[in-house]
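Peer 1: Please read through the structure below; I'll follow up with questions.
In the numbering used here, the protein residues as written are 19 to 222.
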């Protein structure tokens, strides 16, 4: 349970409330702390998988906890950004166009709920779905996009030659690409579930 990969996964979960606290505190230092904590948590996601493969330390506990840790981190970060208004950028009010800017966050959160249910169903049916390259790339892009949006209030300080609106649009564009990949990888899981339902042993 406390092998290095599992310890990294547990640490990632433990960092979530630290990130949330730093995010809500005022000031540049708090925002930088939130960004740093999110980056450390995101990097640990790659490191625990690498450690499991290199050390041959994979376990059922890790396979269960790792996707949960990822979903908690992404969900909390997105909810904090939505609550702050970073997703509704360019000072838009809650008009239909403004609400449209919430779509990628809603897509990502909805997919995570759907996939969690499908994972539980397929695990009960003893159906295993390997993690694809697209899924890994999706997770990495989600982390990069969310990290960029966390840093939005300080964009003019770190990228002085880039207009704040352009930086925010870039970060938001990354989030849309991540949402598109999220839909695709969610479809892969859904298709696997349908294949099982319509398999020879389940024909009606």
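Where a beta carbon is used, it is the ideal one built from N, C-alpha and C, also for glycine.
1) Taking the C-alpha atoms as reference points, what is the distance between residue 95 and residue 213?
2) Whose C-alpha, out of 170, 154, 188, is nearest the C-alpha of residue 65?
3) By how many angstroms is the C-alpha of residue 160 removed from the C-alpha of residue 197?
4) Could you check whether residue 48 and residue 40 sit closer than 8 Å to each other, using their CB atoms as the reference points?
5) Excluding the five sequence neighbours on either side, which residues of its own chain have a C-beta within less than 8 Å of the C-beta of residue 191, listed in chain order?
6) In terms of alpha-carbon separation, which member of 53, 88, 28 lies closest to residue 158?
7) Specify the secondary structure class of residue 85 as computed by DSSP and reduced to three states.
8) Is residue 152 buried or exposed, if buried means 16 or more other CB atoms sit within 10 Å of its CB?
9) Any idea if residue 115 is buried or exposed, counting beta-carbon neighbours within 10 angstroms, 16 or more meaning buried?
10) Who are the near neighbours of residue 38 in its chain, counting only those whose CB is closer than 7 Å to its CB and skipping five residues on each side?
11) If you measure between the beta carbons of residue 68 and residue 30, is that distance less than 8 Å?
12) For residue 177, which three-state DSSP category applies?
13) Less than 6 Å between C-beta atoms, sequence neighbours within five positions excluded: which residues of the same chain meet that for residue 169?
14) Rounded to whole angstroms, what is the Cα-Cα separation between residue 173 and residue 163?
15) State the start and end residues of the unbroken alpha helix (DSSP H) segment that holds residue 165.
Peer 2: With the structure as the only source:
1) 33 Å
2) 154
3) 8 Å
4) yes
5) none
6) 88
7) helix
8) exposed
9) Bear in mind that a pLDDT of 49 at residue 115, under 50, signals an unreliable position, so the model cannot answer this.
10) 94, 98
11) no
12) coil
13) 53
14) 14 Å
15) 151-168
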